[in-house]
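Heads up, the thing below is written out as structure tokens.
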Amino acid sequence: MHRTKCTEMINGVLAPYFLKKLVADVGDQRFSLLLDESTDISVSKYLGVVIRYFSDTKQTVVSTFLGLVELEGGDARSIACAVVGFLVKCGLKKEKLLGIGTDNASVMTGVNNGVHKVLKEEYGLKDLVLIRCVCHSLQLAVSHASNDTIPRSVEYLVRETYNWFSVSPKRREAYKAIYETINCGEKPLQITKVCATRWLSIEPAVSRILDQWEELRLHFSVTKSSEHCYMAEVLYSMYSDPQNILYLTFLKSVLGEVQLAIKAFEGEQVDPLKLLESLVSLIKSVSSRVLNPLAKTDVLKGPIDGDISPKPYLGYLFESKAAELHLVPEHEINVRKRCVAFTISLTNELRVRLPDNIEALQYMSVFNVEETLKHNKSPGEIGKIAKLLGYSPADIDKIVQQWRAIHLSKWNETKNTMSFWSEIMKFRDAADINPFQELAMAAVSVLSLPHSNAEVERVFSQMSVVKSKLRNRMSLQTLNSILYIRYGLKLSGEACYEHQLPDNVLQLFGTSAAYSFKSAPSVAEPAIESLVQNDDEPLFL
């Protein structure tokens, strides 16, 4: 098939079909959006939009691609206008927008002139909920905690070790020979790269370096003499300093805990009601390294600086390595002070940066199966949540009454939260009426609130795969269309050769509607008609 005709078929038939399917699945339910900005290979600036909603067909909360929008400006009003305009073009009601998930950029979250503020005040979305990405918050907390506590030479050691091998096959082979000699022919694992804007990316690199510490020290010892290289001499002196290995051992333990929490929030299939537990556990676990066991401080509400243990236990890995190294007492005391300062700073940073996220996760935890089916639960909390979500007093009264009565019925799905509320959504009494309709809709709306921006980051990864260096002239319309098809097939759980297109869509192939997407709505078939603008413009401009 001719390439131009194939592109027009993708843009004119398949992409509108999958988008219409998505919009129909969203229906009249409330939804949330995940927003982030990025640039493609041609340095065009796009706003990535991911929609999160309760799917009637899947009977669970799903997050999927909604579109890439080209931005004319990077200010809050331009982004807010682009979001609202795009929702209208897609056929979604902006009034049904419950919340937005963003990174911590000021243009998105600014209290005076951020996108969230503009959407609330200038577009009438007064009950819009803002969720800051937990993963970004954790990253910023770790980065700020390390600024004045951990020596900059530690990050320098990790970064320059990667740089040493990254551009020289000869150095890799020399190190491989040393490693195989010491380890009976076993091949070394590659040192990973540290991202300049992601301080947490140091954790996997630290683990690799610690596992190969002696081999790397020997390599730089040999190389500084054979190559007469100053950098090799610097790295050898750093690998010979036992303080550095103690710092890295401490960071491996602490950052490993943070990484586990991030992976929980980045997961596609996670129980949102368990995320609050993961977040609270992280803060308490980090603080327990230095906190006095007898202290009554609530680490979620106040600073811990005044309740530090006189002899903090910094973890088994750190303490065992400190005992093994036999550092000069002054050096060990200095390392301990810095590690304690880092832990205190990290705990306080986590506490300050995550209150909004903890509140949002607390909303979700109220709809836990065990909490919902309690006999003595308090109706005040559910009423407060319903009010924050913008429900009318009459609807709030219904939700509270349904909340108080829901445990009186017998339910089958009591082990999984989403399965439980899915059962309630489908429930009908003898009069074929759902007596818990308002409560179930409120529950799935809250569970649809985003908890991280991981999904929109995955969209940008797919964007880079589709619009590569070899296809750098691809238009935004074609890029959007290909992504609609990819995510539409993923949402249906089918491969491209398994998906069955409806007859009315198949009939469009070879017609003017397929190869001229700017045709008038009256000419287009029903499958495409609702996705074409009345002003004869294509959907994806």
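The working numbering puts the sequence shown at residues 370 to 910. Yeah, the Cβ is synthetic: ideal placement off N, Cα and C, and Gly gets one too.
Around the C-beta of residue i, are 16 or more other C-beta atoms found within 10 angstroms, so that it is buried, or is it exposed?
i: N380; result: buried
i: Y814; result: According to the sequence displayed, residue 814 carries Ser and not Tyr. By the neighbour-count rule (16 or more Cβ atoms within 10 Å), S814 is buried.
i: G597; result: As written in the sequence, residue 597 is His, which differs from the Gly given in the question. It is exposed - the Cβ of H597 has fewer than 16 other Cβ atoms within 10 Å.
i: C504; result: buried
i: T426; result: exposed
i: L644; result: buried
i: R720; result: buried
i: T712; result: buried
i: A510; result: buried
i: T408; result: exposed
i: A546; result: exposed
i: Y415; result: buried
i: Y548; result: buried
i: R797; result: exposed
i: Q869; result: exposed
i: Y616; result: buried
i: H485; result: buried
Which class does residue i belong to by DSSP, given the choice of helix, strand or coil?
i: T426; result: coil
i: F711; result: helix
i: V913; result: With the chain covering only 370 through 910, there is no way to say anything about residue 913.
i: F634; result: helix
i: G684; result: coil
i: R540; result: helix
i: L353; result: With the chain covering 370 to 910 only, the question about residue 353 has no answer from this structure.
i: F736; result: coil
i: F434; result: strand
i: I677; result: strand
i: L660; result: strand
i: P520; result: coil
i: S761; result: coil
i: R842; result: coil
i: E700; result: Looking at the sequence shown, residue 700 is not Glu but His. Three-state result, H700: helix.
i: F455; result: helix
i: A889; result: With a pLDDT of 29 at A889, under the threshold of 50, the modelled position of that residue is not reliable, and the figure given next carries that caveat. Coil, per DSSP.
i: R797; result: coil
i: N613; result: helix
Since residue i sits in a beta bridge, which residues does DSSP pair it with?
i: Y415; result: S407 and E439
i: S401; result: R421 and G468
Is residue i near residue j, with beta carbons less than 7 Å apart?
i: N717; j: P672; result: yes
i: R722; j: S506; result: yes
i: V480; j: V527; result: no
i: S656; j: A633; result: no
i: L488; j: A449; result: yes
i: L848; j: V835; result: yes
i: F878; j: G417; result: no
i: P748; j: R773; result: yes
i: Q428; j: S791; result: yes
i: V709; j: P681; result: yes
i: M832; j: A809; result: no
i: M477; j: G470; result: no
i: R577; j: T592; result: no
i: V697; j: I677; result: no
i: L579; j: F589; result: no
i: F387; j: G752; result: no
i: D405; j: V825; result: yes
i: V438; j: F455; result: yes
i: V419; j: S432; result: yes
Which residue spans inside the region 569-606 form an unbroken alpha helix (DSSP H) run of at least 4?
-> If we require 4 residues or more, the alpha helix (DSSP H) runs fully inside the region 569-606 come out as 571-580 and 582-595.
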